[in-house]
Structure formats: structure tokens, C-alpha cells
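Student: Chains P and B, in that order, give the protein sequences.
Residues 0 to 122 in numbering that gives the first Met the number 0 are what the first sequence spells out, letter by letter.
Residues 0 to 197 in numbering that gives the first Met the number 0 are what the second sequence spells out, letter by letter.
This is the structure I want to talk about, given as C-alpha cells.
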Amino acid sequence: MIRRRNERALVRPHVVTGGRAHPTRNVFDLVTLLIAPPDQLTGPGRDAGLSPEKLRIVELCRGGALSVAEISGILRLPVGVTKVLLSDLVDSGHLITRTPAAAPPPARARILQEVLDGLRARL
Amino acid sequence: MDSALASETPYLRDTVRTAVKILVVGHFAVGKTTFVGALSEIRPLRTEERMTQAGASVDDLAGIRDKTTTTVAMDFGRLTLTDDLVLYLFGAPGQQRFTRLWHDLAVGALGALILVDTTRLEESFAVMDIVERQGLPYAIAVNHFDGAPAFPAEEIREALDLDPATPLAFCDARDRTSSTRALIALVEHLRTLDQEAP
Chain P
0 MIRRRNERAL
10 VRPHVVTGGR
20 AHPTRNVFDL
30 VTLLIAPPDQ
40 LTGPGRDAGL
50 SPEKLRIVEL
60 CRGGALSVAE
70 ISGILRLPVG
80 VTKVLLSDLV
90 DSGHLITRTP
100 AAAPPPARAR
110 ILQEVLDGLR
120 ARL
Chain B
0 MDSALASETP
10 YLRDTVRTAV
20 KILVVGHFAV
30 GKTTFVGALS
40 EIRPLRTEER
50 MTQAGASVDD
60 LAGIRDKTTT
70 TVAMDFGRLT
80 LTDDLVLYLF
90 GAPGQQRFTR
100 LWHDLAVGAL
110 GALILVDTTR
120 LEESFAVMDI
130 VERQGLPYAI
140 AVNHFDGAPA
150 FPAEEIREAL
160 DLDPATPLAF
170 CDARDRTSST
180 RALIALVEHL
190 RTLDQEAP
């Protein structure tokens, strides 16, 4: 997927993020999974005031869960900019992370075994 | 969002809760993107990050020196391994100077698969240095290029000064099966290291 020069964003990244270079929270990894919560949590008018870029992200994430990297790649926004926007959208309740922070992460040993089994099953 | 984008968007399965990543690292044109593409269940995506290169300076006609900005592109792919678990493969650039990018990539990564090309082995030294500096466990995958001389594993191990425990696999980055086997060699190694850890 090659992006052409003339397809670059018309608006510079620092304009999109309101001049900020860093997200309000520093919890997003490239593989953090995000999704827009069901409609009852977002009422009509809830999206009013969102910048065009934030609106694009929210609309994209209504369809299902995606990683930070995928959101960045699909919307062709630089990773750093994407993280700033995602952070705002989680703060404002438009997006939630897929894994609740309260849940203990699976043990590394279990994950490695599952990755191994999953890869072997593809042979 | 237009409906074309919606219908083409590769959303994750509803049941997926855990995402992990493995880095596929190597020098320029070693086959990272091909490798990721051979294994990914989605058409590989590309992310871009603008990097300010401290230290690099450019003289323009007026003699004004300034920092330069480089765009670093990373191709990545995805493999849904179980109902709960998805693995992301990131093709990572083998350039040391992108420190912040490297930090972002390495944090939380299970490990790295370093792709090497036997005709340009020395270009992999710097790549190995970066991965080791990030503290990432790794395996080596020799990407076989048509017409490239075949060297015995022992010679390659010696040239790369590999630890005897570090796996060395041979693959063809265009081929899903051999590329999957190389990834398996890495994950087996990671599991062994995990079991040996105190």
C-alpha cells in the first residue's frame, strides 16, 4: 500500500492535535485494542464538536475493535498523532479499550504457549 | 465514513481480548514486508511516524542549519491465533537513530525475528545491536534469495557471532510455511527462556 505524495493530509499534524505532541495518558501501545461503545452510551449530539479527524476515528471504531496501529494505518494518520487523538477520545468516553484495565493480563507463559499452538496449527 | 471503507475494514473477531506483537527486523530490502505479507491474514497495513533527527543537519542556500524530519514507515500484519488472542507482526526499520520509535516498538513485544541476507550479512550487525540494546530476545531467519550462495548454518552462526542458544532458521519470505516455521523457532526459544527465568 503506497501512499502518494499528493494524498497527504491537507492539515498539518500539530493542527489536528491542537498543538500537542503527547497524549494526555501514556497507556497506548501499538497493539492496544479500542472500540466505540454501543449506541446507548453515545447519545444523539454526542459527536457534536468532535474534529473531523476524531469523528473519522469514532466512526471507524463503531464497526468493531481495532488496534492503535490499524487505526493509524487505515486513516493514514501518523502514529503519534493517532495516540493523542485516541487518548482524548477515551477521556471523553467516545472510545473504550477492549481489555478492561481491571482484568489481570494473562501470564506470559500461557500467552507464549497459545502463540506457539496457534502458529503450529497454521502449518 | 464511506461504506467502502467500512466493508473493507478488517475488524477483529468480537471475542479477541489479548493482543501481542512480535517484531520482524532487518536491514533495508531484506524482505521484512514480504515476510509480514506472507503470514498476515489481512492485507498488510502501513503506519507512518514523523521523526525528528537530532544531530542531522542540512545546509540550505541561506546557510541556515535546521533539524530534518524523516518519515519512517512500518508495515504490519495480523494473525488471529485463537478466539481470544491476536498476534501482530511489525516490520521494523533497522536504523538505530529512531530511538523513540524503537522504544515504542520494543515495549511489550514478545521478541524479535531478525531477517538476514547471506550476501549482506554485515548489514545485519547493526540491526542485532539495536535489538540486543532493547533487551529483546530474538531468533535469526535467513531469507533465501534466488541465486544467493547457500552457506552452512555453522558459518552463518560464526559470522553473526550467535549465542549457541539463539535459533537460526532458513526461510523464503514469500512462502507462508517456511516463514511460519521461522516464527515458531522464535516462539519456542521465547518459551524456553521464559521457563528458565527465575
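Don't be surprised by glycine CBs; every beta carbon is placed ideally from N, CA and C.
Grab me the residues of residue 126 of chain B's own chain with a C-beta within less than 7 Å of its C-beta, minus the 5 sequence neighbours each way, in chain order.
Tutor: Reading the second sequence from its first residue, position 127 is the one you call residue 126 of chain B. Within the same chain, residue 126 of chain B has close Cβ partners 24, 25, 26, 93 and 113.
Student: CB-CB under 6 Å to residue 16 of chain P, same chain, minus the five flanking residues each way: which ones, in chain order?
Tutor: Sequence index remark: in the first sequence, residue 16 of chain P carries index 17 (1-based). Only 80 and 83 meet the Cβ criterion.
Student: Find out if the Cβ-Cβ distance for the pair residue 35 of chain B, residue 97 of chain B is shorter than 9 Å.
Tutor: Counting from 1 along the second sequence, the entry for residue 35 of chain B is found at position 36. Counting from 1 along the second sequence, the entry for residue 97 of chain B is found at position 98. No, these two residues do not count as a Cβ contact at 9 Å.
Student: Which ranges does the alpha helix (DSSP H) cover as unbroken runs of at least 4 residues, wholly within the segment 93-172 of chain B, from first to last along the chain?
Tutor: 98-105, 123-132 and 152-159
Student: Got a sec? Which residues, its chain only, sit under 6 Å from residue 78 of chain P by beta carbon, not counting five neighbours each side?
Tutor: To locate residue 78 of chain P, count along the first sequence from 1; it is residue 79. If we look at residue 78 of chain P and ignore the five residues flanking it on each side, its Cβ neighbours are 71.
Student: My understanding is that residue 32 of chain B touches residue 173 of chain B, with C-beta atoms under 8 Å, so please give their C-beta distance in whole angstroms.
Tutor: Locating residue 32 of chain B in the second sequence gives position 33, where the first residue counts as 1. Locating residue 173 of chain B in the second sequence gives position 174, where the first residue counts as 1. Residue 32 of chain B to residue 173 of chain B, Cβ: 11 Å. No contact.
Student: What did DSSP end up calling residue 56 of chain B once you bin it into helix, strand or coil?
Tutor: Residue 56 of chain B sits at position 57 when you count from the first residue of the second sequence. Bear in mind that the predicted position of residue 56 of chain B carries a pLDDT of just 42, short of 50, making it unreliable; the figure below should be weighed with that in mind. Strand.
Student: CB of residue 84 of chain P to nearest heavy atom of the ligand NAP: below 8 Å?
Tutor: Among the components modelled here there is no ligand, and therefore nothing to report on the ligand NAP.
Student: Determine the closest residue to residue 61 of chain P out of B:10, B:109, B:78 and B:183, with distance taken between C-alpha atoms.
Tutor: Here the question's residue 61 of chain P lines up with position 62 in the first sequence. Comparing Cα positions, the closest option is B:10.
Student: Is residue 39 of chain B helix, strand or coil by DSSP?
Tutor: Position 40 of the second sequence, counting from 1, holds the residue named residue 39 of chain B. Judged by DSSP in its simplified three-state form, residue 39 of chain B adopts coil rather than helix or strand.
Student: Closer than 9 Å, CB to CB, is residue 51 of chain P near chain B or not?
Tutor: Position 52 of the first sequence, counted from the start, is the residue given in the question as residue 51 of chain P. No, residue 51 of chain P does not count as interfacial toward chain B.
Student: State whether the segment 103-111 of chain P contacts the segment 43-56 of chain P, with contact taken as three or more CB pairs (one from each stretch) at a distance under 8 Å.
Tutor: no
Student: Could you please give the first and the last residue of the uninterrupted beta strand (DSSP E) stretch that includes residue 23 of chain B?
Tutor: Here the question's residue 23 of chain B lines up with position 24 in the second sequence. Unbroken beta strand (DSSP E) run through residue 23 of chain B: 17-25.
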